[in-house]
Amino acid sequence: MRKGVFVLAVAAFAIPALASQPGHPLDCSDWVFNVPGLHCAIYDAYDPVREDGFIVRGSDLSVDNDGALYVLREVYLPWDGNPEGTLGRLEIVRRAASVDTVVGSIQDRFHSDATTIDHARPVVYGSPNEHNTGHLAFDPVRGWLLIPIRTYCDGSSCSYGNSGYSILAITGLTPLFDILQTYTPTADVPASPRTPKACAPSTTSTPTGGTYPTFRTSLKRSRCSATTRRRHRRPGNI
1 MRKGVFVLAV AAFAIPALAS QPGHPLDCSD WVFNVPGLHC AIYDAYDPVR EDGFIVRGSD
61 LSVDNDGALY VLREVYLPWD GNPEGTLGRL EIVRRAASVD TVVGSIQDRF HSDATTIDHA
121 RPVVYGSPNE HNTGHLAFDP VRGWLLIPIR TYCDGSSCSY GNSGYSILAI TGLTPLFDIL
181 QTYTPTADVP ASPRTPKACA PSTTSTPTGG TYPTFRTSLK RSRCSATTRR RHRRPGNI
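In the numbering used here, the protein residues as written are 1 to 238.
Quick look at the structure:
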């Protein structure tokens, strides 16, 4: 019985989230990922009016902890004759070893009346062009790719307003902790900082031929004690 419950629980978590319905803003559930392990989460919640400095700032090129490059790319589907326009798709493109891979995408959709479109577009500071297609940033500690995004409705039957802004986090990339776990020092790099050797006490013979430790007490400073004093001298003291 317990085994059956465990299998059902695993299967429930393996089922992908259902996509949002037409007439509602496109969200994380509408993303399609082509690389296993990637997921979408809300980093900063949807706001229908805000377009502040955190939304419009970023870079159009980002690099992850594995050295792969990321950009956003807008692709427009062939026009099907609909007078309301054509659908577009926002893609996350990764370049590694001179190979481009679309790791994830989100696509516009028509409403049931085919006269209204739900859109998802990147946020661009300034005029969009082929070299400025959207902003993104990488959180190296957690391995998150942060994407400011604008979702809006275009057409005669919009029900949720004409625009909204949010920041999405694409999770599942290599975090910094995993990189540090695989680090191996090379032979020419010391594994730990160099520490000074401890001052060894001098020895004096006993009448029976044995030895016991004794420290120098003469007025003449030994090299070891002088070095120790210099090491612990406070800044500014003479």
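No residue lacks a Cβ here, since even glycine has one placed at the ideal position from N, Cα and C.
Fair warning: this is a prediction, and the values are worked out from it, not measured in the lab.
DSSP-derived helix/strand/coil call for residue i
i: Q21; result: coil
i: L168; result: strand
i: D100; result: strand
i: T214; result: Bear in mind that the predicted position of T214 carries a pLDDT of just 49, short of 50, making it too unreliable to give a figure here.
i: C243; result: This structure leaves residue 243 out entirely; the chain is present only between 1 and 238.
i: D178; result: helix
i: R150; result: strand
i: S62; result: strand
i: A187; result: coil
i: L38; result: coil
i: S116; result: One point to set straight first is that residue 116 is Thr, not Ser, in the sequence displayed. Three-state result, T116: strand.
i: R94; result: strand
i: A45; result: strand
i: W144; result: strand
i: L72; result: strand
i: P122; result: strand
i: L136; result: strand
i: G155; result: strand
i: G88; result: strand
i: A9; result: Because the pLDDT at A9 is just 38, under 50, the model does not fix this residue reliably, and the point stays unresolved.
Length of the line joining the Cα atoms of residue i and residue j
i: S159; j: I117; result: 11 Å
i: L26; j: V141; result: 28 Å
i: F110; j: D154; result: 10 Å
i: Q107; j: G67; result: 27 Å
i: E74; j: D113; result: 25 Å
i: A187; j: D178; result: 22 Å
i: I28; j: P185; result: Before going further, note that residue 28 is Cys rather than Ile in the sequence given. C-alpha separation (whole angstroms): 40 Å.
i: W79; j: G23; result: 21 Å
i: D30; j: P122; result: 15 Å
i: L18; j: V32; result: 11 Å
i: L87; j: S105; result: 13 Å
i: R94; j: L61; result: 10 Å
i: L77; j: G85; result: 10 Å
i: I147; j: S20; result: 19 Å
Best match in the options for proximity to residue i [C-alpha to C-alpha]
i: S59; options: Y152, I167, V124 and F177; result: V124
i: L176; options: D64, G164 and D30; result: D64
i: A96; options: S105, W144, D113 and L69; result: L69
i: L180; options: G143, A187, I167 and S156; result: G143
i: I167; options: I106, L145, W79 and R89; result: L145
i: V71; options: D44, F138, D108 and T186; result: F138
i: L136; options: Y43, Q21 and S20; result: Y43
Contact check, residue i vs residue j, beta carbons under 8 Å
i: A120; j: I92; result: no
i: V99; j: N34; result: no
i: G134; j: Y152; result: no
i: T115; j: S156; result: yes
Under 8 Å, with one C-beta from each stretch per pair, do the region 32-39 and the region 168-179 reach the 3-pair mark? yes
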